[in-house]
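Note sheet for the following structure.
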Amino acid sequence: MEATHDHAHDDHGHHPTGLVRYFFTTNHKDIGSMYLWFSLIMFFVGGFMALVIRAELFQPGIQIVNPDVFNQLTTIHALVMIFGAVMPAFVGFANWQIPLMVGASDMAFARMNNWSFWLMPPAALLLVGSFLVPGGAAGSGWTLYPPLSIQGGISVDMTILAVHIMGASSIMGSINIVTTILNMRAPGMTLMRMPMFVWTWLITAYLLIAVMPVLAGAVTMLLTDRHFGTHFFNAAGGGDPTMFMHIFWFFGHPEVYIMILPAFGIISHIIPTFARKPLFGYASMVYATSSIALLSFIVWGHHMFTVGMPAAGNLFFMYATMLIAVPTGVKVFNWIATMWKGSMTFETPMLFAVAFVSLFTIGGFSGLVLAITPVDITLHNTYYVVAHFHYVLFSGAIFSIMGGAYYWLPKWTGHMYDEKLGKVHFWLTAISFNITFFPQHFLGLAGMPRRIPDYAPQFTEFNQISSVGAFLLGLSQLIFLYVIIKCIRGGVKAEAKSWEGAEGLEWTVPSPAPYHTFETPPAFH
Amino acid sequence: METSIAQKNAVLAKKLVIIALIMGGFGLALVPFYRQICEATGISQSRIVAQKASGEVDMARTVTVEFVASNSNWLNWSFEALDKIVQVHPGQQTVVNYRVVNNTGRKIIGQAVPSYAPTEAAPFFKKLQCFCFDQQTFAPGESRDMQVIFVVEPGLPADIQRISLSYTFFDVTAEAGNK
Chain C
9 MEATHDHAHD DHGHHPTGLV RYFFTTNHKD IGSMYLWFSL IMFFVGGFMA LVIRAELFQP
69 GIQIVNPDVF NQLTTIHALV MIFGAVMPAF VGFANWQIPL MVGASDMAFA RMNNWSFWLM
129 PPAALLLVGS FLVPGGAAGS GWTLYPPLSI QGGISVDMTI LAVHIMGASS IMGSINIVTT
189 ILNMRAPGMT LMRMPMFVWT WLITAYLLIA VMPVLAGAVT MLLTDRHFGT HFFNAAGGGD
249 PTMFMHIFWF FGHPEVYIMI LPAFGIISHI IPTFARKPLF GYASMVYATS SIALLSFIVW
309 GHHMFTVGMP AAGNLFFMYA TMLIAVPTGV KVFNWIATMW KGSMTFETPM LFAVAFVSLF
369 TIGGFSGLVL AITPVDITLH NTYYVVAHFH YVLFSGAIFS IMGGAYYWLP KWTGHMYDEK
429 LGKVHFWLTA ISFNITFFPQ HFLGLAGMPR RIPDYAPQFT EFNQISSVGA FLLGLSQLIF
489 LYVIIKCIRG GVKAEAKSWE GAEGLEWTVP SPAPYHTFET PPAFH
Chain A
12 METSIAQKNA VLAKKLVIIA LIMGGFGLAL VPFYRQICEA TGISQSRIVA QKASGEVDMA
72 RTVTVEFVAS NSNWLNWSFE ALDKIVQVHP GQQTVVNYRV VNNTGRKIIG QAVPSYAPTE
132 AAPFFKKLQC FCFDQQTFAP GESRDMQVIF VVEPGLPADI QRISLSYTFF DVTAEAGNK
């Protein structure tokens with residue numbers, strides 16, 4: 009706290025420049041930008057791995073990578089995308105937007121904010137660098153199930169350490185976010201008048217604080233099983249690998265909502281802006297988000313219908329999972345009702361938001377299919393699951409991140425991005441996304457297992473369609489990078505209120521947002 | 012004003028850290044909790060011990076029992092079921108044999124862990140004697156046949172006609188040496 013205090017007085021108008029600025033910065037906007045760049049870099053790293061996977065799967069048989077490396081690629085692709093791309097992107101948004109949206113001068117603990125960020129690059133290096141150690145990276149799948157994760161080499165230890173570091177970073181970031189939201193709002197901004205993005209992040213931060221320590225515990229037990237002779241998960245000593253699955257998914261299911269609730273928040277800003285209508289059903293959005301978060305703690309068993317739980321357990325997890333469709337349905341209804349009879353225009357952020365609503369819903373429905381225990385027993389570990397979670401994570405989380413980036417780029421850079429290129433990026437992304445992942449539903453229904461480099465010849469055509477789509481999807485993202493760089497370097501000057509229909513405190517400060525904003529709390533009406 | 016917000020923030024942060032610590036403890040507490048649940052519901056037996064069978068033999072019914080053997084830790088030895096498939100009447104006492112050949116040049120202490128498919132059959136599969144009850148020590152190059160004496164209880168649900176019993180042998184030499 010001392011640091012922010014001094015900062016506000018000493019550094020006013022002159023702050024360190026160059027690398028030093030970013031290394032020592034406690035400014036929420038600098039840290040937000042660093043998180044977003046980190047996320048974008050990891051998105052390309054993880055995307056490259058995905059393309060190697062898709063290249064291998066272009067034909068049956070083994071062509072490019074051996075099965076060991078293939079497993080390592082699927083494992084690290086997932087970990088990089090989840091912990092390196094999606095989560096830091098949302099933290100980046102939180103850093104930039106939450107102080108601006110609640111009218112605070114900075115995050116509550118500015119120095120800790122700096123630590124939270126600078127823990128991420130070493131963790132990413134451990135994760136990606138583990139490809140270079142003898143035996144290659146961890147190949148156990150991102151879920152790190154024993155016995156594979158107990159048998160693996162030093163790379164598994166590197167992965168566990170990376171998960172620990174990223175977990176610590178997430179917990180510190182979450183404490184910062186909760187404190188900022190609860191204690192530093194502008195006078196007059198009651199909880200039920202907070203912007204939706206702030207609400208969703210408040211709930212997400214609580215989820216992170218609740219489940220990240222559980223993950224840390226699970227991977228610590230893996231570590232002691234590996235090196236210190238314990239037998240938590242080691243069947244030879246009376247341990248139980250299934251127990252790891254229970255503990256892991258107790259973390260894992262809230263984790264998937266950690267990756268989607270902030271997305272709901274971003275979409276709840278974009279749609280009202282471009283429909284030029286206030287968000288329909290604000291209060292029900294808050295309650296729906298909270299219900300989803302609470303329900304997320306009692307549905308983990310749907311990830312493990314095939315481990316031989318008693319029928320009563322399977323039924324409980326099946327019904328609890330289906331219950332989540334109700335608050336999620338409320339949200340989708342509200343977004344559509346917001347668009348209803350609105351004066352809609354379709355700038356790039358809105359295109360991403362509309363695509364989010366429709367494609368995320370497809371992912372939601374395939375999730376409901378998988379929630380049915382007997383169906384899941386057939387589809388478990390098939391490409392149907394792969395298709396499902398890419399619909400909710402790519403066309404869900406990542407579409408919202410891209411839409412949010414286009415939406416707030418004028419505020420961040422002071423320039424409007426190239427609308428034409430933005431639309432080209434959107435259409436290429438939306439179309440190639442569906443080419444990549446829609447056929448995977450059919451592959452899964454036909455019985456193609458996931459995480460296997462080879463497949464039976466009858467799966468060839470759909471895999472080839474999927475691989476062609478994947479390369480188009482990957483290359484399209486270079487347009488995104490280009491649009492961002494172009495927007496930073498120049499463009500049409502953005503007004504303080506960059507979008508006609510935009511509402512909220514962040515649009516009352518000039519564009520680009522000055523280094524210091526809201527040093528005295530703004531009036532909130 | 013400024014200090015009061017800083018103080019409020021510090022108090023809230025402390026509370027949040029406590030929540031995180033409690034959740035960390037909760038994660039570890041899931042381990043004994045999980046074992047209790049599995050014991051209470053009979054999903055798994057943490058101790059592998061000899062059991063008694065009830066006397067009745069149901070000659071009218073025949074159940075197929077398959078025996079599977081697998082190794083863990085890439086042990087360089089052979090472990091196989093000598094009687095791979097047997098037909099038994101529920102209640103009838105049956106003996107099958109497994110053979111282990113230790114091809115390594117060192118002494119190995121092994122522990123076999125049984126697993127049943129379907130899992131519903133597990134409570135009705137009683138082992139009266141089994142090499143899995145104890146750790147087994149094998150001298151370098153030793154070959155040994157080991158018995159399992161078992162009974163399938165007549166209470167076995169009628170829809171189960173086939174039971175697989177799989178043993179996985181784990182090398183516990185390092186752990187056993189520590190004790």
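Chains as they are written, first to last, in my numbering: chain C, 9 to 533; chain A, 12 to 190.
Beta carbons: idealized from backbone N, C-alpha and C, even for Gly.
Residue pairing of C141(A) in beta bridges, as defined by DSSP: V159(A).
Neighbours of K19(A) in chain C, taken as residues at a C-beta separation under 8 Å, are given in chain order as N191. For Y425(C), the secondary structure class from DSSP, reduced to helix, strand or coil, is coil. I211(C) sits away from S157(C), with the two beta carbons spaced by 8 Å or more. For the pair I39(C) and I16(A), the Cα-to-Cα distance works out to about 22 Å. According to DSSP, residue pairing for A123(A) in a beta bridge involves F180(A). If you draw a straight line from the Cα of L199(C) to the Cα of I33(A), it comes to about 26 Å.
With respect to chain C, the C-beta atom of V79(A) has no partner C-beta closer than 8 Å. When DSSP states are grouped into helix, strand and coil, Y153(C) belongs to the coil group.
Interface annotation, F117(C): in contact with chain A, CB-CB separation under 8 Å. Residue environment for W348(C): exposed (fewer than 16 other C-beta atoms within 10 angstroms of its C-beta). At least one beta carbon of chain A lies nearer than 8 Å to the beta carbon of M251(C).
Assignment of beta-bridge partners to N82(A) by DSSP yields F180(A). Remark: C-beta atoms of M251(C) and V42(A) approach each other more closely than 8 Å. The beta carbon of A194(C) sits closer than 8 Å to those of V110, G111, A112, L513, F526, P529, P530, A531 and F532, all from its chain and outside the five residues before and after it, given in chain order. Taking 7 Å as the Cβ-Cβ cut-off, the region 224–245 of chain C approaches chain A at A224, G225, A226, G237, F240, A243, A244 and G245, given in chain order. For H524(C), none of the residues of chain A pass the 7 Å Cβ criterion, the least Cβ distance being about 15 Å. Per DSSP, F101(C) is not a residue of any beta strand (DSSP E); the alpha helix (DSSP H) it occupies stretches across M95 to V110.
For E164(A), the secondary structure class from DSSP, reduced to helix, strand or coil, is coil. Not a single CB atom of chain C sits nearer than 8 Å to the CB of I29(A).
Note on the region 384–463 of chain C: whole alpha helix (DSSP H) runs with a minimum of 4 residues are 391–400, 407–421 and 427–453, in chain order.
Here F149(A) carries a strand assignment [DSSP, helix/strand/coil].
Exclusion of the five residues before and after S89(A) leaves R110, V111, V112 and N114 as the residues of its chain whose Cβ lies within less than 8 Å of its Cβ. Secondary structure note for R201(C): it is in no alpha helix (DSSP H), with a DSSP letter that is neither H nor E. By the criterion of a C-beta distance shorter than 7 Å, T437(C) is surrounded in its chain by L481 and S484, once the five residues flanking it on both sides are discounted. With a threshold of 8 Å between beta carbons, F272(C) makes no contact with chain A.
When 9 Å is used as the limit between beta carbons, V110(C) is near no residue of chain A, the shortest such separation being about 13 Å. The beta carbon of V99(C) is closer than 6 Å to those of Y43 and G181 in its chain, skipping five residues each way along the sequence. Straight across, the Cα-Cα distance linking I171(A) with V68(A) is about 17 Å. Taking C-beta atoms as the reference points, G245(C) and H239(C) count as a pair closer than 8 Å. Interface with chain C (8 Å Cβ-Cβ cutoff): A24(A) is included. Counting along the chain, I370(C) sits inside the alpha helix (DSSP H) bounded by residues T356 to A379. Ranked by how close their Cα comes to the Cα of T353(C), the residues Y391(C), R284(C) and A333(C) have R284(C) in first place.
Counting along the chain, the unbroken alpha helix (DSSP H) around A58(C) starts and ends at H36 to E64. Taking the Cα positions, M456(C) is about 41 Å away from D145(A).
Within the same chain, and ignoring the five residues on either side of V219(C) in sequence, the residues whose Cβ sits closer than 6 Å to its Cβ are F259 and P262.
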